[in-house]
Amino acid sequence: MAGPRAALLPLVLQLTSLAQVSVTGGGGVILREPPQLVDIHDSGQQEPAHPSAPAGAPQEQGRPLEERLGRLEAQMVALREQNKELEARVRQLESCECRPASAQCWGLGQAWPDGARWEPEPCTACVCREGAAHCEPKLGLPHCRGCSHNGQAYRNGETFSPDACTTCHCLEGAITCTQKPCPRGPCPEPGACCPDCEPGCPEGHRAGETWHPEPCVICTCQAGTVRCQGPSCSELNCLESYTPPGECCPVCRPGCEYEGHSYEEGASFLSSSNPCLQCSCLSGLVRCIPLRCPPNPCPEPVPRPGHCCPTCQGCTEGGSHWEHGQEWTAPGDPCRICQCLEGHIQCRQRECASLCPYPARPLPGTCCPLCDGCFLNGREYRRGEPVGSGDPCSHCRCANGSIQCEPLPCPPVPCRHPGRIPGQCCPVCDGCEYQGHQYQSEETFRLQESGRCFRCSCQAGEVSCEEQECPVAPCALPASGPQLCPACVLDGEEFAEGVQWEPDGQPCTACSCHDGVPMCGAVLCSPAPCQHPTQPPGSCCPSCESCTYHGQVYANGQNFTDADSPCHTCHCEEGTVRCSLVDCPPTTCARPQSGPGQCCPRCPDCILEEQVFVDGESFSHPRDPCQECQCREGHARCQPRACPPAPCAHPLPGSCCQSNCNGCAFGGKEYPNGAYFPHPSDPCRQCRCLGGSVQCLARHCPPLPCPEPVLLPDECCPQCPAASSGCPRPGGGVPARHLEHFSLPEDPCRRCLCLYGSVSCQRLPCPPAPCAHPRQGPCCPSCDGCLYQGKEFASGERFPSPSAACHVCLCWEGSVRCEPRACAPAQCPFPARGDCCPVCEGCEYLGETYLSSQEFPDPREPCNLCTCLGGFVTCGRRPCEPLGCSHPLTPAGHCCPTCQGCLYHGVTAAPGETLPDPLDPGCSLCTCQEGSVQCRKKPCPPALCPHPSPGPCFCPVCHSCFSQGQEHQDGEEFGGPPGSCEWCRCQAGRVSCARLPCPPLSCPLQVTEPGSCCPRCRGCLAGGEEHPEGSSWVDPQSPCSSCMCHDGVVTCARLQCVSSCARPHQGLNDCCPRCSDCEHKGRKYEPGESFQPGADPCEVCICELQPEGPPSIQCHRRQCPSLVGCPTSQLLPPGPQHCCPTCAQALSNCTESLLGSELAPPDACYTCQCQDLTWLCVHRACPELSCPLSERHTPPGSCCPMCRECVVEAEGRRVADGESWQDPSNPCITCTCHGGHVECDPEECPALSCPQGWAKVPEAGRCCERCQASAQSCAHQGREVASGESWAVDVCTTCSCVAGTVRCQSQRCPPLSCGPDEAPALSPGSCCPRCLPRPASCMAFGDPHYRTFDGRLLHFQGSCSYVLAKDCRGGDFSVHVTNANRGRRGVAWTQEVAVQLGDVTVGLLQGRVVTVDGRPVALPFLQEPLLYVELQRRTVILHAQPGLQVPEGPGPSRPCFKGREVDPCKASGYRARREANARCGVLKSSPFSRCHAVVPPEPFFAACVYDLCACGPGSLADACLCDALEAYASHCRQAGVTPAWRGPTLCVVGCPLDRGFVFDECGPPCPRTCFNQHIPLGELAAHCVRPCVPGCQCPAGLVEHEAHCISPEACPPVQLTGDQPPRPLPSPGQ
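Sequential numbering from 0 applies to the sequence shown in numbering that gives the first Met the number 0.
Here you go:
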C-alpha cells in the first residue's frame, strides 16, 4: 500500500439488469441495482460479545471507610450535576457558529477572562492564562497543609487506607492510623484481616454465592466446591432454529421458505407453481390446500394466466349484455348505477354532489336535485323569486339554490350620528349612535379617552363634546410611600385597575377599569365559523357546539330527517347541517304507495283472516297450516305446502304431509309399528309393519306328489291336476286349452285363464303412474300427456292457467307446473298496470293511474301541471296568460298573477295606492296603477354654486364641489379631465383649473405616451424591445457581438479582443482570452472594476467573476456609436483620453417616411437601416489577412484593410494578388490570393474500385488516388502497425492499416426512446445501448459510509470482507468489499472491491489496477459476453452482463476485526470537532445550494464531520474532505444538478494546460476524438450511457488525439470506409 491515502478505495458501482460499475478517482462507490438487491452483510462477526458480569462483593469495612465513602459519594453526585451542566453547555456550543474570540477559561460554572484568579476550593487557587486554567495548592495556610505517606500525598482532612486492615486520617500535616475492628470468629483465613468461619471457593467466591462465568452457564459455591450446570432447553419441532442474542435456548426461526421464497410466520399465500393451491406458514411449516372456485354466473367463463379460477368476461341479465367494467343506469330507477365486474352485477346509489344549500327537488325521471331553484321550509321557489326571511329589514330571494339576503336600502340622513329606533330598519336623526352606544335626543353622557374626560350631548343625530376635568381617582396619595393603584366601584363592587369583567345578569356586556373609571360596552361577537350555530341560553354569542336547523336544536354528530322534507336525511357536524337525499330501496310491486310524511314509496300490505302481512312476506295460512302463502301487491296467494319425501316407503299421514314412519299406511288401512296383517290383494302372503315400511312373505305350502301341480283360482297352495279339459272361448272359435291365457275381443283390458274347463277373467293390474296429472291410456293411465282440470294437453305444451290469471302452465311428462308470467322490465319510469305486466301505454304516478297524453294537476304542487306520455311524466308550471302590467300580484290561493294590485320589491300595494319607494324610501314615491308601479323622485331646491355636490337624495348642495362624477371637499386639489393635463381646486363650491407645466428634456428623441401629459425621452427600439439611451447589450443572434444605443441610433459590432498579459487562456464559452487573477501592473482590481491597460483610450479591461475559479480580466476595444447623417465637415475628432469622434450637429432621425431605407454613415465599416423609428447600424465582417500588420493598408472610403500579396505560412513564401497554387499537404486543395486573403477550394475525385489485394494509394503531386498492390505499414500512437493489422479504438470504432493508410469503420446507433421506468444501458462489448428497467443505486465512500438503495446512510467500521450487494433471487452477481484497519482505533476504510460474475472474479484495486481471476489486465478489457472494463478519464467503469449463477465463495483469508460503533470526534476532542464542523460547512453553503432541494445535505455533512475527525490533521484531512464533497456532488449529478464547487484551494484538479485541456465538473464520458468526430454530437451522447465524471476535457471545437487537444483539421488522415458494426479487437502491438 502506498500510504494511508491509498487505503481510501475509490469506487463507483452501477448495477442494472446490465450491471455497470464505475470506479472514480475522486472516491466514492455508487451501486445501481434492479429490485431485490440486498444491502450490506457482514461476513465476519459484528455482534459484540456479552461480557460476563464480575461477581463478588467488597469486604465489610470499618466506620472510617464508611465516612470516606460517604464523602466520595457526595463528591460524585456534585461532579455528576456539574458534568450534566457541562454537557448541556457543550451541546449548546456545538450548535453555535464559532467566531474567533478572546481566550477565556471555564471554572465554577462561569467563564473567566484572561488573567482572572479564582478559588475552586479553600486550599486551591487558579489563574487563567491564554485560555488554559493553571491551579496550584495554597500551602501557606495551616488548614491547607497536607500529609505524605509512602511517597503518596494526601490533602488536609483526607481519610485513606494504606492496606486492607488500616484506616488513616490527615490533619494539618499529622497522620493518625487505627486498625479496623473485626467481628468475633474462630477460624481465620490467610490474607484476610478478620477471621471467616465458612470456607469459600477459588477466585474469591463466598459460600452460597451464584454467578455466570458464561451467558448460559450458572455456577454455585457450596462447601468450598464450585458446581456449574448449563441451560435445560425444550425440544423443538421445526425445520430451522436459531438462538437469539442474549438467550440461551434455541427457538424456531419464524417464517417459512417455500419454492425459493421466504414468508413471515402466519402469512397466507398462493403457490407460485400452482395458483390453485392456497398455502399458509405456521410454526415454520407450510401447509397447502386446494382452492375451491365459486360458481360463475356466465355460461362460458374464461381462464386467466396466473389465476386458478376462470372469470366471466361480461354480464347478461334480462336479455341485455354488458362488458366487464361497463356502467349503466338501472331502468326505472335513475338513482341506481350498476356496473359489470367479472360476470357479477353490482349496483350502488348515485351520489349527488350538493353544490348549493337549498337545491330544488329533482325533475321526474332524474335523480339529483338542481340548483336552478330553491326548496325551503317545504316549499319550492323559482330562481329570483322572493323568499320570506322573518327579518323585516332584509329582502331575500332564491338565487341558484341558495338564499341571498340584502338589507333594505336606507336613504341618506342629514346628520352625522343617526340613532336606531326598535322596530325600524333605517337610522333616523331622532337619536344618536356614538362609539357603539345608543343615546336619546337631548341626552347628556360622559366619555373618557386616553386619560382625558369629555362631557357630550346628543341633539337630533349630532354629538357635541367639550373637555372637562376628570373626577378625582378613588385612591389615596400618601405623603411618603408608593402611590396606591386606582380601583373602580360599580354596583357596590370594587374592581382593580386594568381588570375586565362581565356584570351579573348582563351576559352581552363587558366592563373594564381604566384610571379608576369603569367603562362598559356591548360585547362584539365574531362570526361563527359554521352555517347553523346555536345561541345557548345565558350566553352572548352563538357557538358551533350544536346545530339550530329550522327552529330545532340538534347535537353534534346527530343524524335526523328534515321535518319539512322527509326525503332528506341530515347530519349535524360542528355547527353545520349537511343534508342528502334518502336512498329509497327498489320496490317489487307495480303500484307502490306513499303515505303522508313518508318519503319512500312501499308496496301495500296484505290482510288475511284479520291478520296483516308485509309485502313479499311468506307465511302459513292462519287456518290451514298445509297451505303456504305469500303477500304480493296487497294480495295473499296460497298453494298447498310442498312436502319433503318421507324416509320410509309407507308412512302414516301427518297434519299436512304423509311423513310419519311410526306406523304403516298400506292398502288403504293403517297399522301400528310391529303388527302382522294379511296382504290386502294376495291371501297367500302375510305382511308386517316395520318403521313405516311393509314386508310381505308367502305362506308355507305342503309338498305334492305330482310332477306338475296347478294353482287354482282363490287358492294359496298348488294342487295336483285332474284330467285335462278345454274351455270355450267367448264368441266361438277354437276352445282354449287348459292353463291357456287369452284376451276378450270386446275388452282388451281384461285377461282370462282356462283352468280345468272353467274360465276365470280379471282386469289387468295398472302400475302407479309416476306423474301428477297422467292422461288415460287404452287400459292404464299414461304419462305421455297431461289431464289437467278436465282438459288433455300434450307433453311439452304451454297453456294459460285455467284457474289463475297471469299464470302460464307447462305440461311435461304427465305433470303440470304453473308459475306467474315473467314480465320484461318496462322501458319507461312510470308504467301503468296492464292485465298482467306493467305497460308504457299509460302512467302510474304517486299511486294514481293516468292515460297516455292525459294532463293532470301535480299532486305535490297545485300550481304545476303534469302530462303522461308513454309511461313518462313531465311536470311544469301551469301556464298563465301573459299580462300587460310590469308588477302583477299573485293573490293567496291562486296560481297565476293578476293586474288587480302590485308586488314591488316585496311590498304589496292596492290599485291607486302611493307609498315610499322600497329602494329609496326617503327620496322617491311610487304609485300602483293597474298592476304596474311608477316611481318618481321628490323635487330638489336649486343650488347657488356652479359645481355643487350631491347631498341627501342626491340634491345639489354647495358644501363641496362635484366634478367628473366625483365629490371633492372644500379646499381639495385634484386632477382635471383625462388627457387635459390640468390641475383643479375646489373652493366654496367652485372649481378652478390650470394647466400643468412640463419639465424640459435634453434628448433629441421625445415621445408622449397615450394618456400622458408630458413627453419623455425615448431610447432605441431593437428586435421589438426598447433599450434606454446610453445602454449596451449582447446581440442575441451573436453572443460575441455587442450593441449600444446612442442618440436613438443602434450600433452593433463584434468584440475586438485585446490581450493584457503574456499567457492568456480562453475557455469554452469565452469571446476573448482571459488573464487569470484580476491584477495588472502590480495593482489588484475587484470584480466589476474596469481600467485602461495602455495609452490607447479605446482599450478597456474589466475584472469579471467566473462560474468556476477566481475572477479574471477580459480586455477589448471600446465600441463607437454610428454618426448617421453627419456630414464629413461636421465630424469632430476625439479629444485627449477620449476614444470616439462626435458630430457638431444633430444626427438624422429615422422617421416613418424613411422606414426600410439604408444610409451610409461616415464610418465605411457600418451599414445603417431605418427600422422601428431607430437607425440600426451593423459592423461589416472583414476577411482574415495573411500578411503582417505593417504591410496592410485600407483604401480610401473602404472598411477592410488589404495586402498587395499573400503570405503562405506553411511554405514561408509570398504570392501575388490573384495568383493560385496547390496546397503541398493536400494536393486536392487549390488556393487563391484575394487582396491578402487566402481562399481554398477542394477538388472532387471520381469513385475508384481496386482489385482484391490491391490498395488505393495517393500519387505524388496529384489529388486523386490510384490502385497499387502494396504492403506499406501505418503509424498509430507512436508505433508502427503492419499492413493488414486491425485494432479497436473503442466499442463503436475499428481501424485497420491498408497499404500505409488507416481505414476506420464506425457503427451508427439508431435513435433510442425508453419508457418512464426505463433507462438506456450497454451490454459488454456492444456499441449501442438498449432500454432496461431504471436502476437503483447505492454508494460507499469515506471511512467507510454506505448509502443504501433506499437512501439510508450507515457508518460501518468492521475490518474484514463483506458482501456489499448481491442478487438475492438468481444469484447472478455479488460485490464484496475488503475494509482495512486504518491504524486509528476502531476506524476502517475500503481497500479493494471484488465483483463475481459467474465463475469470473474481477478485482478493483488501488491506483486503478484491475485483475481478472487474479491476473492483472490492461484496459480496455473485454471478455464476451460477460464483462467489459474501460478507463475513462480518471474513472474505471465495469460493464457486466448478468444472467449467470454465482457460486458463493469466501472472501480473502485475512484476520477479521469486529465492527464497533465508533465516534472518532469523541476521541479527537472538542477542538477537532469544531474544525471539522467549520470545514464541512461548505456542503451547506451557496456552491451546493441548487442541490439542497433534490439531495438533502445533512447525512453527508454528518459523514464529512465523522471522516475529518477520523483522518486527523494534515494533508490527509484535505483528501478526506474532498472525498465527502465529491460523494455529495456525485449524488447531485445523478439528480440532474451539477454544482460548481471546486475553488483555487479546494479540491482543485490539475489539468495539463500545455496540452490544451480544461477542467469540467460534469464532462462527457465519451470524448470527441479523431476517430469519432464524424458522428453527430447528439448521437454520440445518446449511445454513450456512462455517467458523466469530473475531469479534464478538450474545449469546444477541439478533439482529443494521443492525450492532446488538437483542431479537427490537424487529425492524421483517417479513411472512414462505412458504418458497419465493428468487431472489437486488441489494440496494435498488444
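Positions of the beta carbon are idealized from the N, C-alpha and C atoms, including for glycine.
| message | Are the CB atoms of residue 1016 and residue 1032 within a distance shorter than 8 Å? | response | In the sequence shown, counting from the first residue as 1, residue 1032 sits at position 1033. In the sequence shown, counting from the first residue as 1, residue 1016 sits at position 1017. Not closer than 8 Å, so no.
| field | Rounded separation between residue 336 and residue 350 - CA only | value | Stepping through the sequence shown from its first residue, residue 336 is reached at position 337. Stepping through the sequence shown from its first residue, residue 350 is reached at position 351. Spanning the two alpha carbons is a distance of roughly 10 Å.
| said: Tell me which residues share the same chain as residue 833 and place their Cβ nearer than 8 Å to its Cβ, disregarding the 5 neighbours each side in the sequence. | reply: To locate residue 833, count along the sequence shown from 1; it is residue 834. Residues of the same chain with a CB within less than 8 Å of the CB of residue 833, apart from the 5 flanking positions on each side, are 840 in chain order.
| request: Could you check which residue in 1235, 584 and 1598 has the C-alpha nearest to that of residue 1555? | output: In the sequence shown, residue 1555 corresponds to position 1556, counting from 1. For residue 1555, the nearest C-alpha among the options comes from 1598.
| Span of the beta strand (DSSP E) around residue 72 | As a first step, residue 72 must be located in the sequence shown, where it is residue number 73. Residue 72 -> not in any beta strand (DSSP E); alpha helix (DSSP H) instead, spanning 62 to 93.
| field | Close-in-space but distant-in-sequence residues of the same chain around residue 1309 (CB under 8 Å, 5 per side omitted) | value | As a working note, residue 1309 is residue 1310 in the sequence shown. Cβ contact annotation for residue 1309 (same chain, cutoff 8 Å, sequence separation greater than five): 1327, in chain order.
| field | Contact the region 813 to 832 vs the region 778 to 788: 3+ CB pairs below 8 Å | value | Contact between the region 813 to 832 and the region 778 to 788 is present, because at least three Cβ pairs lie under 8 Å.
| task | To the nearest angstrom, report how far apart residue 632 and residue 385 are at their CA atoms. | result | For this step, residue 632 is matched to residue 633 along the sequence shown. For this step, residue 385 is matched to residue 386 along the sequence shown. Straight-line Cα distance between these residues: approximately 44 Å.
| Same chain, Cβ closer than 8 Å to residue 1481, neighbours up to 5 away in sequence not counted | Along the sequence shown, read from residue 1 onward, the residue named residue 1481 stands at position 1482. Correct list, in chain order: 1487, 1524, 1540 and 1545.
| task | Can you tell me which of the three DSSP states residue 168 falls into? | result | Here residue 168 is taken as the residue at index 169 of the sequence shown, counted from 1. In this structure, residue 168 counts as strand in the three-state DSSP scheme.
| message | Can you give me the C-alpha to C-alpha distance between residue 1367 and residue 1549, rounded to a whole angstrom? | response | If you number the sequence shown from 1, residue 1367 lands on position 1368. If you number the sequence shown from 1, residue 1549 lands on position 1550. Annotation: residue 1367 to residue 1549 spans about 42 Å, alpha carbon to alpha carbon.
| said: Less than 8 Å between the beta carbons of residue 405 and residue 419, yes or no? | reply: Counting from one through the sequence shown, the residue named residue 405 turns up at place 406. Counting from one through the sequence shown, the residue named residue 419 turns up at place 420. Cβ distance not < 8 Å, so residue 405 and residue 419 don't count as in contact.
| query | Assuming residue 339 contacts residue 314 under a Cβ cut-off of 8 Å, what Cβ separation, rounded to an integer in Å, is found between them? | reply | The count along the sequence shown starts at 1 and reaches residue 339 at position 340. The count along the sequence shown starts at 1 and reaches residue 314 at position 315. Confirmed, Cβ separation roughly 4 Å.
| C-alpha gap between residue 853 and residue 866, whole angstroms | By one-based count along the sequence shown, residue 853 stands at place 854. By one-based count along the sequence shown, residue 866 stands at place 867. One C-alpha to the other measures close to 6 Å.
| request: Check whether the Cβ atoms of residue 625 and residue 636 lie closer than 8 Å to each other. | output: Residue 625 sits at position 626 when you count from the first residue of the sequence shown. Residue 636 sits at position 637 when you count from the first residue of the sequence shown. No, the pair does not count as a contact, with Cβ atoms beyond the cut-off.
| message | Between which two residues does the beta strand (DSSP E) holding residue 144 run? | response | In the sequence shown, the residue the question calls residue 144 occupies position 145. Taken as a continuous stretch (DSSP letters only), residue 144 belongs to no beta strand (DSSP E), as it is neither H nor E.
| field | Rounded straight-line distance, which links the Cα of residue 923 to that of residue 936 | value | Counted from its first residue, the sequence shown places residue 936 at position 937. Counted from its first residue, the sequence shown places residue 923 at position 924. Note on geometry: alpha-carbon atoms of residue 936 and residue 923 lie some 4 Å from one another.
| field | Whether residue 1036 touches residue 1115 by CB criterion (8 Å) | value | Translated into positions along the sequence shown, residue 1036 becomes position 1037. Translated into positions along the sequence shown, residue 1115 becomes position 1116. Their beta carbons are not under 8 Å apart, which means residue 1036 does not touch residue 1115 by this criterion.
| So which of 1571, 1128, 1560 and 1601 has the shortest CA-CA distance to residue 1591? | Within the sequence shown, numbered from 1, the residue matching residue 1591 stands at position 1592. With distances taken between Cα atoms, residue 1591 lies closest to 1560.
| residue 1428 versus residue 1305 - alpha carbon distance | Stepping through the sequence shown from its first residue, residue 1428 is reached at position 1429. Stepping through the sequence shown from its first residue, residue 1305 is reached at position 1306. When the Cα atoms are used, residue 1428 and residue 1305 turn out to be separated by approximately 20 Å.
| task | Express the C-alpha separation of residue 585 and residue 347 in angstroms, rounding to a whole number. | result | Here residue 347 refers to the residue found at position 348 when the sequence shown is read from its first residue. Here residue 585 refers to the residue found at position 586 when the sequence shown is read from its first residue. CA-CA distance, residue 347 to residue 585, rounds to 12 Å.
| said: Residues in the same chain with beta-carbon distance under 8 Å from residue 800, minus the five sequence neighbours each way, listed in chain order, please. | reply: Sequence index remark: in the sequence shown, residue 800 carries index 801 (1-based). Close CB contacts of residue 800 within its chain, under the 8 Å cut and outside five residues either way in sequence, are with 806, 807, 808 and 817 (chain order).
| request: Return the chain-ordered list of same chain residues with a C-beta closer than 8 Å to the C-beta of residue 1635, the five sequence neighbours on each side being excluded. | output: Nothing about residue 1635 can be reported from this structure: the residues present for the chain run from 0 to 1629 only.
| Among the residues of its own chain, which have a CB less than 6 Å from the CB of residue 1551, if the five just before and after it don't count? | Working through the sequence shown from its first residue, we reach residue 1551 at position 1552. No residues qualify anywhere along the chain.
| request: Name the one or two DSSP bridge partners that residue 866 has. | output: Here residue 866 corresponds to residue number 867 of the sequence shown, with the count starting at 1. For residue 866, which the question treats as bridged, DSSP gives the partners 854 and 873.
| request: Check the C-beta distance from residue 954 over to residue 989 and give it rounded, since I have them as a contact under 8 Å. | output: If you number the sequence shown from 1, residue 954 lands on position 955. If you number the sequence shown from 1, residue 989 lands on position 990. Contact flag wrong, Cβ pair sits at about 18 Å.
| task | Using a threshold of 8 Å, state whether the C-beta atoms of residue 1071 and residue 1123 are closer than that. | result | Numbered from 1 along the sequence shown, position 1072 holds the residue referred to as residue 1071. Numbered from 1 along the sequence shown, position 1124 holds the residue referred to as residue 1123. Between residue 1071 and residue 1123, the gap from beta carbon to beta carbon reaches 8 Å or more.
| field | Beta-bridge pairing of residue 634 - partner residues as DSSP gives them | value | Translated into positions along the sequence shown, residue 634 becomes position 635. 631.
| message | For residue 1177, count the other beta carbons within 10 Å of its own beta carbon; 16 or more makes it buried, fewer makes it exposed. Which is it? | response | The residue given as residue 1177 occupies position 1178 in the sequence shown. Buried: at least 16 other Cβ atoms inside 10 Å.
| request: Please confirm whether residue 1403 and residue 1362 have their CB atoms less than 8 Å apart. | output: The residue labelled residue 1403 in the question sits at position 1404 within the sequence shown. The residue labelled residue 1362 in the question sits at position 1363 within the sequence shown. No, the Cβ-Cβ distance between residue 1403 and residue 1362 is not below 8 Å.
| Whose CA, out of 1566, 1489, 1517 and 1498, lies closest to the CA of residue 1535? | For the purposes of this step, residue 1535 is taken as residue 1536 along the sequence shown, with counting starting at 1. Nearest C-alpha to residue 1535: 1489.
| request: Report, in whole angstroms, the separation of the C-beta atoms of residue 1420 and residue 1411, which I expect to be a contact under 8 Å. | output: Counting from one through the sequence shown, the residue named residue 1420 turns up at place 1421. Counting from one through the sequence shown, the residue named residue 1411 turns up at place 1412. Going by Cβ atoms, the distance from residue 1420 to residue 1411 rounds to 7 Å, so yes, they are a contact pair.
| request: Answer with buried or exposed for residue 1475, where buried requires no fewer than 16 other C-beta atoms within 10 angstroms of its C-beta. | output: Numbered from 1 along the sequence shown, position 1476 holds the residue referred to as residue 1475. Buried: at least 16 other Cβ atoms inside 10 Å.
| said: Rounding to the nearest angstrom, what Cα-Cα distance links residue 917 and residue 412 in this structure? | reply: Start at 1 with the first residue of the sequence shown, and residue 917 comes out as number 918. Start at 1 with the first residue of the sequence shown, and residue 412 comes out as number 413. The alpha-carbon atoms of residue 917 and residue 412 are separated by roughly 16 Å.
| field | Terminal residues of the beta strand (DSSP E) in which residue 221 lies | value | For the purposes of this step, residue 221 is identified with residue 222 of the sequence shown, where counting begins at 1. Counting along the chain, the unbroken beta strand (DSSP E) around residue 221 starts and ends at 216 to 221.
| task | Rank 121, 130 and 127 by C-alpha distance to the C-alpha of residue 144 and give the top, closest one. | result | What you label residue 144 is simply residue 145 of the sequence shown in a count that begins at 1. Residue 144 has its Cα closest to that of 121, out of 121, 130 and 127.
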